[in-house]
Structures are given as structure tokens and as C-alpha cells.
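Protein chains: 2
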Amino acid sequence: MTEPIAGEHLRKSILFFSEFDDPRKWRGLLERGLPQFRVECWPEIKDPSDVEYAVVWNPPRDCFKSLVNIKAIFSLGAGVDSLLADNSIPADIPIVRLLDAGLARQMSHYAIYGVLHFQRQFFEYRRLQAQEKWSPLPVTLANSFTVGVLGFGTIGRVIATDLENLGFPVIGWANSSKSNVDTEVYVGMTELDDFLASSQLVINVLPLTAETRGLCDERFFSRMRPGSYFINLGRGGHVIESDLEKAIDSGRLAGAMLDVFASEPLSPKSSFWKRESVLITPHISGVTLAEEASDQIISNICLIESRQSPNGVVDRERGY
Amino acid sequence: MTEPIAGEHLRKSILFFSEFDDPRKWRGLLERGLPQFRVECWPEIKDPSDVEYAVVWNPPRDCFKSLVNIKAIFSLGAGVDSLLADNSIPADIPIVRLLDAGLARQMSHYAIYGVLHFQRQFFEYRRLQAQEKWSPLPVTLANSFTVGVLGFGTIGRVIATDLENLGFPVIGWANSSKSNVDTEVYVGMTELDDFLASSQLVINVLPLTAETRGLCDERFFSRMRPGSYFINLGRGGHVIESDLEKAIDSGRLAGAMLDVFASEPLSPKSSFWKRESVLITPHISGVTLAEEASDQIISNICLIESRQSPNGVVDRERGY
């Protein structure tokens, strides 16, 4: 980041921050699409009052304090809960999230892998291989293995469609009723128990809001079917991790696949690492694709510059 | 098998043999659909000359010798190579294989799991989990991960369609040119090298014939892309296992998923068991579903009884 910046002479700037995305790549993409701006990477900011937009993932808490001329903040991830919790962002500054940008497809593939991992008992075959045992196991057919998709927004719908196309029965659960959906969607807390009792496997893709934080607790797991499975690619904050551990230890859950955790990176002390029936990945179920994401952000900035509304503005009340 | 047989008074019989399927279940299904026959399970045959049909999987070699009135033999698996190699079956007796019966879908799910296992680097994450390491790896997108399907019959086509629907580029290879196919299919030995050089991952679903036996040898693996992957759900006889081991050890192949082997069950001495980059399953990629398979066999027997041709007769020259 020490090479000269192409647009250094420009006054207006876009702030970029992410520990997981390549700042040079992003600077190139944004400066090509928005030649009237220079792109600065936190904390190397010439003059905070030049910053009109921010493109961020998990920014440091004090990142926005001095940005007195900020017009909008773009989140590089699907989850915006940490931005909503940042009180240094004025209430009238729009927080904009990405609409898909390849995330949904990637997350759907992750979910399909997890569903097949448990339905086809690949986790048992892995154990048998370690013991050098050749032992075909009984078959549960896809068409009698109901998958419950917890959260039925863009990502949940793609997952449901992909699984249905592969022959799995799918049901959904959402906070509010959904239109234009072929899948049977259970709605609200009153229908949550029925949803859980009907699912051989539950995939969490909820947004993290005040209503959904800690939803997957002891009570939740106790309503799941004995011997069922849980996949979390929503947020760590949805799950009370000690309750999930108990549900696994008691045999209520036969297995879990976890991509997100209350604290990331997952602590080396976590007991999840060592559990045979738990598959752990380091928050990789959906990785933002720079080309697709920057296209969306560029066209949204153009909309704002021409005094129109950007697409994907987060409803702060609702939380997503 | 000692309880009284419902149709014991009947003269004509159907012989059943499989070590992997439940004979009671099959007897029930066949006797319900074909009440004019009794079903006998090898070796408990009252009078070999009563046997008019056989429904078998991996039968003992001398099974057909005394069956002087046999009219057709039905294979319970997709592979008929062992039946074709049995000289005790007269050349004019049709050998009939199942057309799908749920096999293709199951095998496609198996293939999808394997493709995602390697494309999304779940095998690396499994290793990292064992080391309690949180370490996101670089992403290869599905749309730049070309899957080559070796063998483009019923099963190969279902696999290709399912993977294409998930966003993977798919190419095929077949012995002879295929019609009514949207996928690009390479044809014959002259195009095999191009097919292999274009595939990040090769899935073998060929039938085992004189032409395809031992096809996956040192030369074959040397034409695959460095760092590519191999999934075998065809037959063990397609693969020279020592050549596959060398291809893995040399790093030419970055991983393999194997469901079939030259000798099954796989010997405890095989070095495949211990390889971190090899996933082993005990010939479970496609399990014949008794209900669907028996429906097909029953309607084929009805066709033969009414002097019509059954569906799925194996071309003995071609080998499938």
C-alpha cells in the first residue's frame, strides 16, 4: 500500500477496510469504476473530511467517528449486525448491504455439502475409513430427508430451490410470511416448534437481529428431532454454544456443521474442534467476490451521487 | 428364509440372489407383483428346471448351470460385467439391467458431494480442524472448476445436469458420439487427452467393458491436470490401483474419492485407507431401491410372458 495512488490529486475519497479482502484489488476496481474518487485504506487517511463513502467488513469501532462528510456505508458481508451496533454511525447515514454478489450460490453449495455429509453418512464413512473398516450403512433416501431452512431471504430461497431440485423435501421458517414462494414456510415463534419437529436437518441462514440473537438455545435444540442435524451459516450470535454442545453430547443432535461462531477466530480452547460429529470451517461458506460486489457498490454510489436511492439499504429497525 | 413360502404350491419360480439386498423384502415384492410365480433364494432351490427368471447381484459362478428353463436374468446393479463373464449363461438368454431405479440420482448426489469436497477444499478444512487451526483458504469458484464426466450414459447425464444446474462447467467423454445432449462430449480415444487436460476433476461412471478395463492407468493419470481430482463410482476394474497411488504420491492428483475397487471389500492391507487425500466408501454410491427396481423387473417379466421384448437388455457385444 506504499505505491503512489492513481487518484491522489482528487479531493473526494472512499474509505476501504477489510481484513479478509485484498485492498489493492478493491482500490483498483473502485477507482476504475469511480474515477472522481480516490480510495484510501484505513488507517491511512489523508483528511477524514474527504471521505464520502466507506466500504467495510468488520471495521474497527472508532473508524467512523471523524468522517463528518460520509454519505453511505457499504458492508462487504451479508451480515450487518456489527455495523448496526456501532453508535458512531449517525442514524441518517444509510448502511447498504450486498444483494447476493455470488454469496447465495456459494452458501447454497456449502449447505448442500453439509446435507449430503449427514444424509449419506459420509461422516460415519470417514470414521470407518480411519478404522480401515468396509461396512455399508443403511440408506436414508433424499426424498424422505426433510431439510428445514431457518431464514427465508435471498440466501434461504436459493438453498431451498437447489435442495428441492436435488430431490430433498424442504420447508422454511421466517419471522414474517413470505409471498411468491413454492416452499412451505412456517411463520413466527408460534410455528417454530412444528418447523423443528418436521426437519431431519436444520440450516440456519437468519440475519442476526434482536429477535434472532440466541434463538438456537436449549429450548430450540430440545424441539429438534432426536438424531437430527444442525448447520450454521448464519451468525455465531444465533447459537448458545454451550446449549449446542449439550444437545450434541446428549445425542439429541447426531451432528453439526459450523461455519460461524460467537467469537471468531474460534478459540483453540473450544471443545467443538475435537468433536467427531462436528465439522468446522472458518467462516468461508460465502466469500464476497470482489468483481460482483464492486459493481454493485459502484452503481449504488452513482445512484446516490445523482440523488437517487441505493439498492440494499438496511432497515435499522428490522436489523437487515 | 425358513418360514413357509406363500406360493410354494406354484410350479414356476424366480430365483433371487444378492448378498446386499434383503431376500424377504424382495420375495414379498416379486410375489405380490407376479402371483403366478414362487420366489426361491439361492441355494434353496426345489427343482432347478422350475426356474424361469433370475434376479441377481454378484451370483456364485455355478448359479445358472442347472437352470435349463431360464428365460431371462435381471441384474440388481448397474454393472453387468460379472454376468457377461459367466460362461454358464447361454448366449441367447437376455441379461437385463435396471434402467435407473433411483441409482442415477443417488450416484449424482455422491458425485456432487465429491466435487464440493475438493472444489471447496473441505478435505483441507478437515485437516485444519484436526490441528485446531482457523485458516480461510483461497476460493476457487464453481464457474471456473470444470468437471469431466467419463462415461455419458443415463448416470453420467444425470450427474452432468445436476452439476450444471449448480453452476459448474461440465464436459463429458464417451466411446461413441451422443445425441440430444447439451453438454460438450469428447468422443473416443483420440479425444481422451483433450478431455483430461480440460477437467479439474474427473468422475468415472463408465461401464466395465473390454475397451474400458484398465483405462485409468499411468498414461491416463499423466494426462490429467496437475493438482486435479479423481472420483471413481464406475468399477474397480477401470483403475490400475498402483498407478493411481503413484499419481497421488507424485502430486499429479491432489485427491481422490473411491467407491469401487479391483477387489471388494477393499483389503485392510490397501494403502488407500491411510491416505489423507483419499476418501473411501464401501460401494454405496448407488444402492438399488427394492420398490423401484422390482417394479421394473415385474413389468419386464410381464412383457416377456406376453412375448414382447423387455427394456434394458444388455448388448453383449458392447458390454452394457
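From first to last, the protein sequence lines stand for chains A and B.
Under the working numbering, the very last position in the first sequence is 330; numbers go up by exactly one each time.
Under the working numbering, the very last position in the second sequence is 330; numbers go up by exactly one each time.
For glycine and all other residues, C-beta sits at the position ideal for the given N, C-alpha and C.
Check                                                                                                                                                                                     : Outcome
Pop quiz: F178 of chain B and V157 of chain B are said to be a contact at Cβ under 8 angstroms. What is the actual Cβ separation, rounded to whole angstroms?                             : 5 angstroms
Compare the C-beta of Q46 of chain A with all C-beta atoms of chain B and state if any pair is closer than 8 angstroms.                                                                   : no
Using a Cβ-Cβ cut-off of less than 7 angstroms, give me the residues of the segment 132-143 of chain B that come near chain A, in sequence order.                                         : F132, Y135, Q139 and E142
Do you know how far the Cα of Q210 of chain A is from the Cα of L342 of chain A?                                                                                                          : Summary: the structure shown does not reach residue 342 of chain A, with chain A confined to residues 11 through 330, and so no result is reported for it.
Among A:D60, A:A88, A:S92 and A:N97, which has the Cα closest to the Cα of K75 of chain A?                                                                                                : A:N97
Only counting the same chain, and skipping five residues up and downstream in sequence, which positions put a Cβ closer than 8 angstroms to that of M11 of chain B?                       : For M11 of chain B, the predicted model reports a pLDDT of 42, less than 50, meaning its position is unreliable and no value from the coordinates is stated.
Going by other Cβ atoms of all chains shown within 10 Å of its Cβ, with 16 needed for buried, is Q318 of chain A buried or exposed?                                                       : exposed
Rounding to the nearest angstrom, what Cα-Cα distance links V323 of chain A and S260 of chain B in this structure?                                                                        : 51 angstroms
Taking Cβ positions only, does T164 of chain B come closer than 8 angstroms to chain A?                                                                                                   : no
Evaluate F30 of chain B with the Cβ neighbour count: other Cβ atoms within 10 Å of its Cβ, from every protein chain shown; 16 or more gives buried, anything less gives exposed.          : exposed
If you draw a straight line from the alpha carbon of I294 of chain B to that of H119 of chain B, how long is it in whole angstroms?                                                       : 11 angstroms
Quickly, what does DSSP pair N242 of chain B with across the bridge? List them, please.                                                                                                   : B:N214 and B:L268
Is it the case that the Cβ atoms of G247 of chain B and A272 of chain B are separated by a distance below 8 angstroms?                                                                    : yes
Please name the residues in the segment 235-267 of chain B whose beta-carbon is closer than 7 angstroms to at least one beta-carbon of chain A, in chain order.                           : none
Spatial neighbours of E301 of chain A within its chain, please: C-beta separation below 8 angstroms, excluding the five flanking residues on both sides.                                  : L39
I'd like to confirm the pairing. Which residues does DSSP put opposite V180 of chain A in its beta bridges?                                                                               : A:V157
Identify whether C312 of chain A lies in helix, strand or coil by the three-state DSSP scheme.                                                                                            : helix
Measure from the alpha carbon of I24 of chain B to the alpha carbon of each residue in B:P70, B:N68, B:L77 and B:D72, then state which is nearest.                                        : B:L77
Tell me which residues of the segment 149-179 of chain B have at least one Cβ-Cβ distance to chain A shorter than 8 angstroms, keeping chain order.                                       : V149, L151, A152, D172, N175, L176 and G177
Nearest CA to the CA of E327 of chain B: which residue from B:Y135, B:G43, B:E62 and B:P104?                                                                                              : B:P104
I122 of chain B and L173 of chain B: beta carbons closer than 8 angstroms?                                                                                                                : yes
Suppose you measure from the CA of D269 of chain A to the CA of A220 of chain B; what does that come to, to the nearest Å?                                                                : 47 angstroms
Which first and last residues belong to the beta strand (DSSP E) in which R48 of chain B is found?                                                                                        : R48 to C51
Does F74 of chain A come out as helix, strand or coil in the three-state DSSP assignment?                                                                                                 : coil
May I ask you to report which of helix, strand or coil DSSP gives T12 of chain A?                                                                                                         : Unreliable positioning characterises T12 of chain A in this predicted model, as indicated by a pLDDT of 44, which lies under 50. The coordinate reading is nonetheless provided below. In the structure shown, T12 of chain A sits in coil (DSSP, three-state: anything other than H, G, I, E or B).
Where are the alpha helix (DSSP H) runs, 4 residues long or more, that stay fully inside the segment 69-124 of chain B, in chain order?                                                   : 91-94
With 8 angstroms set as the bound, which would you pick, yes or no: does the beta-carbon of P275 of chain B sit closer than that to a beta-carbon of chain A?                             : yes
Using the Cα positions of G163 of chain A and D91 of chain B, report the straight-line distance between them to the nearest angstrom.                                                     : 49 angstroms
Can you list, in chain order, the residues of its chain with a C-beta nearer than 8 angstroms to that of W36 of chain B? Leave out the 5 residues immediately preceding and following it. : F26, S28, V49, V65, A300 and S304
Ordered along the chain, which non-local residues of its own chain (more than five positions away) have a Cβ less than 8 angstroms from that of D325 of chain A?                          : none
Name the chain C residues whose beta carbon is nearer than 7 angstroms to that of V297 of chain B?                                                                                        : The structure shown contains no chain C; its protein chains are A and B.
Please report the residue range of the beta strand (DSSP E) in which E62 of chain A lies.                                                                                                 : V61 to V66
Using the beta-carbon count (16 or more within 10 Å), is S316 of chain B buried or exposed?                                                                                               : exposed
Need the endpoints of the alpha helix (DSSP H) that F132 of chain A sits in, please.                                                                                                      : F132 to A140
Looking at the structure shown, is L40 of chain B part of a helix, part of a strand, or coil, going by DSSP?                                                                              : helix
Rank A:L202, A:L176, A:T171 and A:N175 by C-alpha distance to the C-alpha of S186 of chain A and give the top, closest one.                                                               : A:L202
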